[in-house]
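Data first, discussion second: the structure below is written as structure tokens.
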Amino acid sequence: MNKIEIRTVNVIQYVQPLREGGSMPAIVAADDGFLYVLKFRGAGQGKKALIAEFIGGEIARALGLKVPELVFMNLDDSFSKTEPDEEIQDLLKFSVGLNLGLHFLSEAITYDPLVGDVDSLLASKIVLLDSLISNIDRTVKNTNLLNWKNELWIIDNGASFYFHHNWKTWENHLTRTFPLIKDHVLLEKAKDLQTAATEITAVLNTEIITEIVANIPEDWLESEVDEMPTTEMRQAYVAFVNSRLSKIEELVKEAENAR
Numbered sequence: 000m001n002k003i004e005i006r007t008v009n010v011i012q013y014v015q016p017l018r019e020g021g022s023m024p025a026i027v028a029a030d031d032g033f034l035y036v037l038k039f040r041g042a043g044q045g046k047k048a049l050i051a052e053f054i055g056g057e058i059a060r061a062l063g064l065k066v067p068e069l070v071f072m073n074l075d076d077s078f079s080k081t082e083p084d085e086e087i088q089d090l091l092k093f094s095v096g097l098n099l100g101l102h103f104l105s106e107a108i109t110y111d112p113l114v115g116d117v118d119s120l121l122a123s124k125i126v127l128l129d130s131l132i133s134n135i136d137r138t139v140k141n142t143n144l145l146n147w148k149n150e151l152w153i154i155d156n157g158a159s160f161y162f163h164h165n166w167k168t169w170e171n172h173l174t175r176t177f178p179l180i181k182d183h184v185l186l187e188k189a190k191d192l193q194t195a196a197t198e199i200t201a202v203l204n205t206e207i208i209t210e211i212v213a214n215i216p217e218d219w220l221e222s223e224v225d226e227m228p229t230t231e232m233r234q235a236y237v238a239f240v241n242s243r244l245s246k247i248e249e250l251v252k253e254a255e256n257a258r
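For the sequence shown, position 18 matches number 17 in numbering that gives the first Met the number 0, and the numbering has no gaps at all.
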């Protein structure tokens, strides 16, 4: 297995805000010479959205799906001091420290389900990915998919793993499936779910999941409101994905029935 290596870069320029959705990410330049879409720790869903984005993105990558490179991004306090927009100024101020960046795909266009052509097996893998990570936000209204260089790329997994917003009840989710898959933008095209399940279980295992979760920055897990130790949080993420993997045949049937 290839070891997961996540680079850390420094933000050197705030280029422009992306005023789509509530979290207001931004295009920024980093000291490695590349542009990134920066997801802020100080945004609405905070660090938990970054955790979901990170785990979901790296699981997708492990499955061979196209995901922009994810990097940890250091943001210092100098940017908030020179930003004239008060809303952005506050966001920058509350996001000093380690954030999450996605490599910016220049000239990529949002996937349009009315005209987009997607291979059935690829659609099936993405549908099952979102069942595995409980992603409620890949719908017709918000596809969170990009077409770039004639390939389909996965972005924005921050609404996944929603159980972590209430750690007291997280274990209740271990026995559940994912009925909300009925709203998935690619469900109609996902006609090879059984083959996709076979390929997913052939490559995704506890070792890979554990390594992905081990790469979550410790301070993303730390919270003034969550009493659960961070070691137990990491174990919970692994246990949750494993529980979904063990029920993948149920997830296949659930998606087939919804389709």
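Note that beta-carbon positions come from the ideal geometry of N, C-alpha and C, so glycine has one too. These numbers were taken from a predicted model, which means no experiment stands behind them.
*Mind checking which residues open and close the beta strand (DSSP E) that includes V204?*
Correcting the residue identity first, residue 204 is Asn in this sequence and not Val. Bounds of any beta strand (DSSP E) do not take in N204, whose DSSP letter is neither H nor E.
*asked:* Please list the terminal residues of the continuous alpha helix (DSSP H) segment that includes L220.
replied: 217-220
*Examine chain B for any beta-carbon lying closer than 7 Å to the beta-carbon of F239, and answer yes or no.*
The chain labelled as chain B is not found in the depicted structure, where only one protein chain is given.
*Measuring CA to CA, which of K2, D89, I3, L185 is closest to Y110?*
L185
*Can you check whether the CB of A48 is closer than 7 Å to the CB of G157?*
yes
*Mind checking T142: buried by the 16 CB within 10 Å criterion, or exposed?*
buried
*Which residues in the same chain as T194 place their Cβ atom closer than 8 Å to its Cβ, once the five residues preceding and following it in sequence are excluded?*
L120, S123
*Residue burial classification, R6 (beta-carbon count within 10 angstroms, cutoff 16)*: exposed
*Between which two residues does the beta strand (DSSP E) containing F93 stretch?*
F93 -> no beta strand (DSSP E), and no H or E assigned at all.
*Between L97 and S79, is the Cβ-Cβ spacing less than 7 Å?*
no
*Cα-Cα separation between Y13 and T81, rounded to whole angstroms*: 10 Å
_C-alpha gap between P16 and F39, whole angstroms_ = 11 Å
*So, is H164 buried or exposed, given that buried needs 16 or more other C-beta atoms within 10 angstroms?*
exposed
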